[in-house]
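Line order of the protein sequences matches chains W and E. Each residue of the first sequence is one higher than the last, beginning at 3 in this note's numbering. Each residue of the second sequence is one higher than the last, beginning at 4 in this note's numbering.
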Amino acid sequence: NAGVTQTPKFQVLKTGQSMTLQCAQDMNHNSMYWYRQDPGMGLRLIYYSASEGTTDKGEVPNGYNVSRLNKREFSLRLESAAPSQTSVYFCASTDKTYEQYFGPGTRLTVT
Amino acid sequence: GDSVTQMEGPVTLSEEAFLTINCTYTATGYPSLFWYVQYPGEGLQLLLKATKADDKGSNKGFEATYRKETTSFHLEKGSVQVSDSAVYFCALTPPGGSYDKVIFGPGTSLSVIP
Numbered sequence: 003n004a005g006v007t008q009t010p011k012f013q014v015l016k017t018g019q020s021m022t023l024q025c026a027q028d029m030n031h032n033s034m035y036w037y038r039q040d041p042g043m044g045l046r047l048i049y050y051s052a053s054e055g056t057t058d059k060g061e062v063p064n065g066y067n068v069s070r071l072n073k074r075e076f077s078l079r080l081e082s083a084a085p086s087q088t089s090v091y092f093c094a095s096t097d098k099t100y101e102q103y104f105g106p107g108t109r110l111t112v113t
Numbered sequence: 004g005d006s007v008t009q010m011e012g013p014v015t016l017s018e019e020a021f022l023t024i025n026c027t028y029t030a031t032g033y034p035s036l037f038w039y040v041q042y043p044g045e046g047l048q049l050l051l052k053a054t055k056a057d058d059k060g061s062n063k064g065f066e067a068t069y070r071k072e073t074t075s076f077h078l079e080k081g082s083v084q085v086s087d088s089a090v091y092f093c094a095l096t097p098p099g100g101s102y103d104k105v106i107f108g109p110g111t112s113l114s115v116i117p
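Listed below in structure tokens is the structure:
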């Protein structure tokens with residue numbers, strides 16, 4: 003049981019490049035989330051998916067898109083990366099008690 | 004709207020000292036309350052939780068009691084260790100649950116020195 007996995011762990015992009023962050027969970031959770039964590043800002047919700055086939059915007063969705071590929075996988079795409087998107091990105095899933103299970107994070111630098 | 008406030012950090016303690024990290028919340032009704040811990044270079048993980056008033060959550064020597072009258076959920080540990088050095092996040096989920104409304108506090112960084 004791996005829990006929540008994320009790839010890649012580290013990434014450096016140039017401004018304007020695109021990339022997709024991958025996330026998968028093996029706990030049969032319906033809901034999945036993408037957060038970004040910045041110094042002094044805590045966790046901010048980018049997008050979430052309450053169930054397979056649905057996605058909704060969170061607090062800071064601009065510049066991102068998501069895909070809930072199936073129940074296990076929830077990807078985050080940056081179409082044209084900007085330095086303001088330099089951050090640590092966390093994927094999470096939740097069970098019916100609303101306890102969140104987090105992945106190890108992706109550390110993204112945009113130059 | 005719903006919110007979580009935590010004490011400012013960073014907090015630096017000597018090993019075996021007593022720890023309190025304050026957390027207060029604003030929410031209607033009875034939210035579920037959580038403490039998460041983030042060790043360096045890792046994702047957050049649940050430390051403890053409480054789902055109704057007067058409940059006490061506990062894990063790894065940490066405790067927190069859900070106080071409705073003071074809208075608080077302070078984290079305590081009687082004797083901290085170097086391995087407790089981490090960032091601690093208080094969080095809430097509104098009554099009845101809501102997938103887009105898991106609200107995290109800003110986090111409190113704890114450093115424990117030998």
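Using N, Cα and C, we set each Cβ at its ideal position, and we do this for glycine too.
Does the beta carbon of residue 105 of chain W come closer than 8 Å to any beta carbon on chain E?
-> Start at 1 with the first residue of the first sequence, and residue 105 of chain W comes out as number 103. Closer than 8 Å: yes.
Within 10 angstroms of the Cβ of residue 89 of chain W, are there 16 or more other Cβ atoms? Answer buried if so, exposed if not.
-> Mapped onto the first sequence, residue 89 of chain W falls at position 87. Under this definition residue 89 of chain W is a buried residue.
Using a beta-carbon distance cut-off of less than 9 Å, what residues from the region 48-66 of chain E approach chain W?
-> Those residues of the region 48-66 of chain E that come within reach of chain W (Cβ to Cβ, closer than 9 Å) are 48, 49, 52, 54.
If we cut at 8 Å on Cβ distances, does residue 101 of chain W have a partner in chain E?
-> Reading the first sequence from its first residue, position 99 is the one you call residue 101 of chain W. Using a CB distance cut-off of 8 Å, residue 101 of chain W counts as an interface residue toward chain E.
Take residue 5 of chain E and list the residues in its own chain whose beta-carbon comes closer than 8 Å to its own, dropping the five residues that flank it on each side.
-> As a first step, residue 5 of chain E must be located in the second sequence, where it is residue number 2. Result list for residue 5 of chain E: 28, 29, 30, 31, 34, 95, 97, 104, 106, in chain order.
Interfacial residues, the region 72-98 of chain E to chain W, with Cβ spacing under 9 Å = Taking 9 Å as the Cβ-Cβ cut-off against chain W, the residues of the region 72-98 of chain E that qualify are 92, 94, 96.
Residue from W/13, W/81, W/30, W/9 with nearest C-alpha to residue 110 of chain W | Against the first sequence, residue 110 of chain W aligns to sequence position 108. Looking at the Cα atoms, W/13 is the closest of the given residues.
For chain E, is any of its Cβ atoms less than 8 Å away from the one on residue 44 of chain W?
-> Here residue 44 of chain W refers to the residue found at position 42 when the first sequence is read from its first residue. Yes, because at least one Cβ of chain E sits closer than 8 Å to the Cβ of residue 44 of chain W.
Return the CA-CA distance between residue 71 of chain W and residue 44 of chain W, expressed in angstroms with no decimal places.
-> Here residue 71 of chain W refers to the residue found at position 69 of the first sequence. Here residue 44 of chain W refers to the residue found at position 42 of the first sequence. Whole-angstrom Cα-Cα distance: 28 Å.
Among the residues of its own chain, which have a CB less than 8 Å from the CB of residue 47 of chain E, if the five just before and after it don't count?
-> In the second sequence, residue 47 of chain E corresponds to position 44, counting from 1. Within the same chain, residue 47 of chain E has close Cβ partners 39, 40, 41, 92.
Is the region 77-92 of chain W touching the region 17-26 of chain W in the sense that three or more CB pairs, one from each, lie closer than 8 Å?
-> Inter-segment contact for the region 17-26 of chain W and the region 77-92 of chain W is present: three or more beta-carbon pairs are separated by less than 8 Å.
Measure the alpha-carbon distance for residue 107 of chain W versus residue 21 of chain W and round it to whole angstroms.
-> If you number the first sequence from 1, residue 107 of chain W lands on position 105. If you number the first sequence from 1, residue 21 of chain W lands on position 19. Spanning the two alpha carbons is a distance of roughly 15 Å.
At a Cβ cut of 7 Å, what residues of the region 73-97 of chain W count as close to chain E, listed as they run along the chain?
-> Of all residues in the region 73-97 of chain W, 92 have a Cβ within less than 7 Å of some Cβ in chain E.
Who are the neighbours of residue 110 of chain E on chain W, taking C-beta pairs under 7 Å?
-> Taking the second sequence and counting its residues from 1, the one referred to as residue 110 of chain E is at position 107. Per Cβ cutoff of 7 Å: 44.
Close beta carbons around residue 104 of chain W, own chain, < 7 Å, minus the five adjacent residues each side | Start at 1 with the first residue of the first sequence, and residue 104 of chain W comes out as number 102. Correct list, in chain order: 6, 92, 94.
Could you round the C-beta distance between residue 67 of chain E and residue 78 of chain E to whole angstroms and report it? I think they count as a contact, below 8 Å.
-> By one-based count along the second sequence, residue 67 of chain E stands at place 64. By one-based count along the second sequence, residue 78 of chain E stands at place 75. Yes, they are in contact, since the Cβ atoms of residue 67 of chain E and residue 78 of chain E sit about 5 Å apart, within 8 Å.
Which residue comes first and which comes last in the beta strand (DSSP E) that contains residue 71 of chain W?
-> The residue you call residue 71 of chain W lines up with position 69 of the first sequence. First-last for residue 71 of chain W: undefined, no H or E at that position.
Beta carbon proximity, residue 40 of chain E to chain W, threshold 8 Å | Here residue 40 of chain E is taken as the residue at index 37 of the second sequence, counted from 1. Residue 40 of chain E does not count as touching chain W.
Using only alpha-carbon positions, find the residue among E/52, E/58, E/20, E/71 that is nearest to residue 85 of chain E.
-> Taking the first residue of the second sequence as 1, we reach residue 85 of chain E at position 82. Proximity to residue 85 of chain E across E/52, E/58, E/20, E/71 peaks at E/20, based on C-alpha coordinates.
Residue 42 of chain W: buried (16+ other C-beta within 10 angstroms of its C-beta) or exposed?
-> Indexing the first sequence from 1 puts residue 42 of chain W at position 40. Answer is exposed; the Cβ neighbour count stays below 16.
Tell whether a beta-carbon distance below 8 Å holds between residue 81 of chain E and residue 60 of chain E.
-> Numbered from its first residue, the second sequence carries residue 81 of chain E at position 78. Numbered from its first residue, the second sequence carries residue 60 of chain E at position 57. Taking 8 Å as the Cβ cut-off, residue 81 of chain E and residue 60 of chain E do not qualify as a contacting pair.
Residue 98 of chain W versus residue 38 of chain W: straight-line alpha-carbon distance, rounded = Numbered from its first residue, the first sequence carries residue 98 of chain W at position 96. Numbered from its first residue, the first sequence carries residue 38 of chain W at position 36. Residue 98 of chain W and residue 38 of chain W have their alpha carbons spaced roughly 23 Å apart.
Bridge partner(s) assigned by DSSP for residue 74 of chain E = Taking the first residue of the second sequence as 1, we reach residue 74 of chain E at position 71. For residue 74 of chain E, which the question treats as bridged, DSSP gives no partner whatsoever.
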